[in-house]
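Count along the sequence shown from 1, add 339, and you get the number used in the numbering used here.
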Amino acid sequence: MTAPLLQVTGLVKRFGGLTATDHVTLDVVPGEIHALIGPNGAGKSTLINQLCGELAPDEGRIAIDGADVTALSAPERARMGLARTFQVTCLLDEETVLWNVAMALDVGRGHSFRFWRDIRRDEGLTAEARRALAGTGLEGRAGVTVSELSHGERKQLELVTALAQQPRLLLLDEPMAGLGHVESQAMIGMLAGLKSRCGMLLVEHDMDAVFALADRVSVLVYGRIIATDLPGAIRENPAVREAYLGE
Ligand code: ADP
Ligand code: MG
């Protein structure tokens, strides 16, 4: 049996008296979208922050492709194929779309920050950034400053920059947040098309998106996973309906 892309075992994170993640165990296998749902404050972002290496767990273990990464830094985990997006987008607002993608490609290769004038001279890199934008719906926006993008375009661009690193495992923190119907559909289409390229842990409140995309769903309530199952079974699970779906 091949090891899962991501295996999380018994992850605990405490903030003072609050246990934000309470012995969380879950996995993501190749080609899978595993959705993580749960009410506000359940510990979803805290879990993502521990997985990508921004926050050290108090207990538990995180493995990528069977290798224990619990003690590794965020850049070391990124080099092993892990990428993330944020609940609030993380882009350089005063720079162009193309520049943001080129930077992500450059940083993904382990280069440190370079100025735009240096990147612009790197024709190979800018050509590659254009290729990364092709087919995303943002190709016509390459020269636009990020601050002029719509919210939906920002979310899409953030995904493109995360993908520039060619991750095998993508952690998505509420990619649908604040998107209108048309933008949500575009994002769902983009994520569905990525499944064969990388496994995903999808934190999301938009249940239409979750049920359209997820292969499995885990439900986090007060830091604990109360169920992991196929989407259809989650929808029918009485404990889930009571705790989360508000019935
Ligand atoms: P979710 O993403 O599911 O809405 P979070 O992971 O953001 O939940 O938060 C889980 C709980 O941990 C919340 O009660 C939140 O207030 C608390 N929390 C999150 N980050 C910190 C922090 N850095 N310090 C103290 N408490 C925190
Ligand atoms: Mg959150």
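Glycine included, each C-beta is placed from N, C-alpha and C at the ideal position.
Three-state secondary structure (DSSP) of residue i
| i | result |
| --- | --- |
| residue 445 | helix |
| residue 344 | coil |
| residue 436 | helix |
| residue 377 | coil |
| residue 349 | strand |
| residue 468 | helix |
| residue 409 | coil |
| residue 595 | The question about residue 595 has no answer, for the chain in this structure spans 340 to 586. |
First and last residue of the uninterrupted beta strand (DSSP E) at residue i
| i | result |
| --- | --- |
| residue 360 | 357–367 |
| residue 399 | 398–403 |
| residue 421 | 421–423 |
Bounding residues of the alpha helix (DSSP H) (the contiguous stretch that carries residue i)
| i | result |
| --- | --- |
| residue 386 | 383–391 |
Distance cut-off 7 angstroms: residue i Cβ against heavy atoms of ligand 4
| i | result |
| --- | --- |
| residue 512 | Inclusion of ligand 4 in the displayed structure is not the case, the ligand content consisting of ligand 1 and ligand 2 alone. |
| task | Pick out the complete alpha helix (DSSP H) segments inside the segment 502–576, 4 residues or longer, and give them in chain order. | result | 520–533, 546–552, 570–575
| task | Decide yes or no for the touch test of the segment 563–578 against the segment 362–374: beta carbon pairs closer than 8 angstroms, at least 3 of them. | result | yes
| Which residues are close to ligand 1, meaning CB closer than 6 angstroms to any heavy atom, in chain order? | 354, 357, 359, 377, 379, 380, 381, 382, 383, 384, 385
| said: So, does the segment 509–516 touch the segment 468–487, judging by three or more C-beta pairs under 8 angstroms? | reply: no
| message | When you compare the segment 427–446 with the segment 387–407, are there three or more beta-carbon pairs, one atom per stretch, that lie closer than 8 angstroms? | response | No: the two stretches stay apart, fewer than three of their Cβ pairs being nearer than 8 angstroms.
| Is it a yes or a no for the segment 467–474 touching the segment 413–423, going by three-plus beta-carbon pairs under 8 angstroms? | no
| request: Check whether the segment 525–537 touches the segment 367–380, taking contact to mean three or more Cβ pairs, one atom from each stretch, closer than 8 angstroms. | output: yes
| field | Any 3 or more C-beta pairs closer than 8 angstroms across the segment 384–399 and the segment 514–523 | value | no
| Does the segment 352–359 touch the segment 537–557, meaning 3 or more C-beta pairs lie closer than 8 angstroms? | no
| field | Contact between the segment 566–577 and the segment 378–391 (3+ Cβ pairs under 8 angstroms) | value | no
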